[in-house]
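Have a look at the structure below, then the notes.
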Amino acid sequence: MSYYFAKTLDTDFDEVIKQVTEQLAASGFGILTTIDVSATLKKKLDADLKRYTILGACHPQSAYQAIQAENKIGVMLPCNVLVRETDDGKVEVAAVDPIASMSAVQNESLGGIATDVQEKLKNVVESL
């Protein structure tokens, strides 16, 4: 089982960030964090990395349900969505598969929540 699903686009990086953010919002997600990994590594290590941004997406209803079912589930939240520039200048969007990550917890109550979030995230990626 893969731990993510992805799609590669031949579009401007900033435009992809905008599209992903809009599609997530349309599916009930908010962005809690935006991590510019390439800028951070440049600043801390003087390392050059193609554009690489992690969006910490949260579906509030699902997060609340998950926390009610498993009070330490916060170590798995939010759902990360990666936007990265590929070697050929395209942009890949990859989202974590919540079923893969939640399976490590071994709490049957999370199954339905993970399935619902997986469907939503897959739809976001596929809609791009």
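First residue of the sequence shown: 0, per numbering that gives the first Met the number 0; consecutive thereafter. The beta carbon of each residue, even a glycine, is placed where N, CA and C say it ideally should be.
(request) Express the C-alpha separation of Q22 and V15 in angstroms, rounding to a whole number. (result) Rounded to the nearest angstrom, the two C-alpha atoms are 10 Å apart.
(request) Inspect the beta-carbon positions of E84 and K49 and report whether they are closer than 8 Å. (result) By the CB criterion at 8 Å, E84 and K49 fall inside the cutoff.
(request) Could you tell me which of V82, A25, V123 sits nearest to S37, measuring between CA atoms? (result) For S37, the closest of V82, A25, V123 by C-alpha to C-alpha distance is V82.
(message) Considering only their Cβ atoms, is the gap separating L120 from A94 smaller than 8 Å?
(response) Cβ distance < 8 Å, so A94 and L120 count as in contact.
(request) Quick one: measure Cβ to Cβ for M75 and S108, integer angstroms, because I've assumed they're closer than 8 Å. (result) About 14 Å separates the two Cβ atoms, so there is no contact after all.
(message) Here's a check: name, in chain order, each residue in its chain whose Cβ is nearer than 8 Å to the Cβ of A46, leaving out the five neighbours to either side.
(response) Cβ within range, chain order: L40.
(message) Please report the straight-line C-alpha distance between D115 and A68, rounded to a whole angstrom.
(response) Answer to the nearest angstrom: the Cα atoms are 15 Å apart.
(request) Could you pull the start and end residues of the beta strand (DSSP E) that E84 belongs to? (result) Its beta strand (DSSP E) spans residues 78-84.
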